[in-house]
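Read the structure below first, then the notes.
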Amino acid sequence: MSHIHYTVEAADLHAHLFKVTLTIAEPAALQTVSLPVWIPGSYLVREFAKHLQNLSAGQGRLTPSVVQVDKSTWQIACRPGQPLVLSYEVYAFDNSVRTAWLDSQRGFFNGTSLCLRVHGQENLPHQLQLLPVKGQADWQAATGLAPIKTDKKGFGLYQAADYDELVDCPVELGTFWSGSFSACGIPHRFVVAGALPSFDGERLLADTQKICEAEIRFWHGKGAQAGKKAPHKNYLFMLNAVHDGYGGLEHRNSTALICGRRDLPRQGESKTSEGYTTLLGLISHEYFHTWNVKQLRPDAFARYDYSRENYTPLLWFFEGFTSYYDDLLLRRAGLIDDATYAKLLGKTIAQVQQTPGRQVQTVAQSSLDAWVKYYRQDENTPNATVSYYTKGSLVALCLDLTLRSELKTEGHTLDAVMRGLWKRCKAGPMREQDLLDELQALTGRSWAGEIQAWVHSTAELPLAKLLESQGLRIHAEPGNFAQHLGVRAVDSQGAVQIKAVLRGSAAEQAGLAAGDEWLGLDVGARGQGGSWRVSQLEDVPALLGKTRQLTALVSRDRQLLRLPMTVPEQSTVWRLEVPKDRQASWPAV
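For what it's worth, my numbering labels the leading residue of the sequence shown as 8, then goes sequentially.
Structure (structure tokens):
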């Protein structure tokens, strides 16, 4: 048995309880254990210890007391020379990629939710024993951990080099669909839980293979040895298909994904739906993280501190640049065409342009504030913050287009910078200065001015100039009425629910507020156009006709308010077009 050994049992499916037995072969005299408060890749303190219960200890015939010292840490006074056995339960009912889930249909967990950290022994080998699930003879297990002795269904003993590797390899349990492929010689497996019978698994495998090969070759070249240079020797995709959901979390040789069932490809359908394109973009994003954040990583992540926030101002690079390449590599893999890529790029630009917070918060500040702002969004979020995903991806776009415009030499693009950073920093932490050094090495000039303006200030990015310099055409088209009015809203139960009011908008000037229920309106300054019930926001323009005056009838805390409003001139959004004479040169190269 290893120095640190965990046995995990799905103890009670209906109570959603995992039972964990942790054996420490050589405990300290006063052994400290703790459960992480966050999971790397999701920057929020989630307090996983709140789901841990019935913690007890044993040393042979002794039952040492367990003393809790803070919200997620315990100490046990031990007798030297005897193994310490800890037993506890974890409640698992969060159907996301971040924590743990267990019911009669499926099980899933991240080690950060189930595996106590043994202080002072984190660097020793760790073992995980997965027990078969009682009463579920058809269940299987899948994980990126290295197997030592397992059965055909994946249950048995697994090995991790240390605690970091243990908790960076989530586990999927259940009656999932499974398929495999090879990308540049690297074995890949894809497991899908919750899919409908019409699910086209072969298409998903073929498309994912194209993504993986494009990304391996992006980092390591097109030669026959590309796969041997990759940081992973095998890879596991775990996808949970649900009625409504979306998200992913990267790991060193696996990723956990969630999507809507309707977004999966269907047998007999060759058309690529918008939802499936979004899923492929998610797969591309999380796989790209295998290099960018799991290997290339900021100094704050050189060794994770699981007990507190780990701050870095560089998420605009690690998440933003990954967001730039996720769709771009779909295009290079031939999974989307130029028109689709331009539409996706235009959508990202619109998201940033319609966020007033971009004029309040820099994208570097957004990275530092992720723990308290991005992951704790409220009605004021769009007015006070900017996403390091979307704006970070546009910073990458600006760098790439500037490099292409200035150098006009094959291979002198952001791709070369990323590969240079891989060679420079894969063995150690990456800093902003490393990016500046790579840019200067490629071009012979300093890029400090661009990084200062685009990353450390709230100045607008020079998107129009750079896009047009590459021959792309920008068309200004009418936005929808919500964009026009400056609100974010949903149609619900026959009324319009206001979720956010954007700073400086017509809606804010009229006094609309988040939480208002827009019930109806009087058309015209004096209501001479009649009074109308409002059930969908997009119905309002038809009710107004040519007038721009209305009085909104809203319910706020059960009080009815009448708010006079002047609707502004129509807002516009960008639509990008890649001319036919440019399609062979950008962005596919």
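All residues carry an ideal CB built from backbone N, CA and C; glycine is no exception.
Here DSSP, grouped into helix, strand and coil, assigns I343 to coil. T30 places its beta carbon 8 Å or farther from that of Q82. The three-state reading of DSSP puts A496 in strand, counting E and B together. Judged by pairs of C-beta atoms under 8 Å, the region 108 to 120 touches the region 165 to 178, as three or more such pairs exist. The residues Y95 and E96, in chain order, have a CB closer than 7 Å to that of N61 in the same chain once the five nearest residues on each side in sequence are set aside.
Inclusion of L42 and F55 in the CB contact set at 8 Å is warranted, their separation being smaller than that value. Bridge partners of K26 according to DSSP: E16 and E96. The DSSP assignment places complete alpha helix (DSSP H) segments of no fewer than 4 residues inside the region 168 to 228 at 170 to 174 and 208 to 227, in order along the chain.
Close CB contacts of G518 within its chain, under the 7 Å cut and outside five residues either way in sequence, are with L570 (chain order). As DSSP reads the structure, R480 sits in a beta bridge with E584. Within the same chain, R338 come within 8 Å of D344 by CB-CB distance, once the 5 residues on both sides are set aside. Between the region 294 to 302 and the region 359 to 370 there are fewer than three inter-stretch CB-CB distances shorter than 8 Å, so the stretches are not counted as touching. In the displayed model, F162 falls within coil according to three-state DSSP, outside both helix and strand.
If you keep only unbroken beta strand (DSSP E) runs of at least 3 residues inside the region 234 to 269, you get 242 to 249, 254 to 257 and 261 to 267.
A straight line joining the alpha-carbon of A64 with that of K57 spans about 19 Å.
Comparing C-alpha distances from G275 to each of G252, I218, G208 and G341 shows the shortest one belongs to G208. In the DSSP annotation of this structure, the continuous segment of the beta strand (DSSP E) that includes R113 starts and ends at R113 to F116. In this structure, DSSP gives K398 a helical state, which the three-state scheme calls helix.
Contact annotation: R273 and F206 have beta-carbon atoms nearer than 8 Å.
Annotated as distal: V530 and L560, with beta-carbon spacing of 8 Å or more. The alpha carbon of I11 has as its nearest neighbour, out of C85, P71 and H126, the alpha carbon of H126. Scanning its chain for C-beta atoms nearer than 7 Å, with the 5 sequence neighbours on each side dropped, one finds around L37 the residues Q82 and A84, in chain order.
Under the DSSP assignment, H133 falls in the beta strand (DSSP E) whose first and last residues are H133 to L137. In this structure, DSSP gives R365 a helical state, which the three-state scheme calls helix. If one requires a minimum length of 4 residues, the alpha helix (DSSP H) runs lying completely within the region 487 to 551 are 488 to 492, 513 to 517 and 547 to 551, in chain order. Classified as exposed, R269 has fewer than 16 neighbouring CB atoms from the shown chains inside 10 Å of its CB.
Bridge partners of G65 according to DSSP: V92. Note on geometry: alpha-carbon atoms of A167 and Y13 lie some 11 Å from one another. For R569, the enclosing beta strand (DSSP E) starts and ends at Q566 to T573. When DSSP states are grouped into helix, strand and coil, R431 belongs to the helix group. From the listed residues K398, A237, V76 and D110, the smallest Cα separation to L470 is found for K398. Rounded to the nearest angstrom, the gap between the Cα atoms of P389 and Q490 is 13 Å.
For Q556, the enclosing beta strand (DSSP E) starts and ends at Q556 to R563. Nearest neighbour of V379 by Cα position, chosen from V15, L51 and T28, turns out to be L51. DSSP places L37 in the uninterrupted beta strand (DSSP E) bounded by L37 to S41.
Looking at the DSSP output, I83 shares a beta bridge with Q38 and V73.
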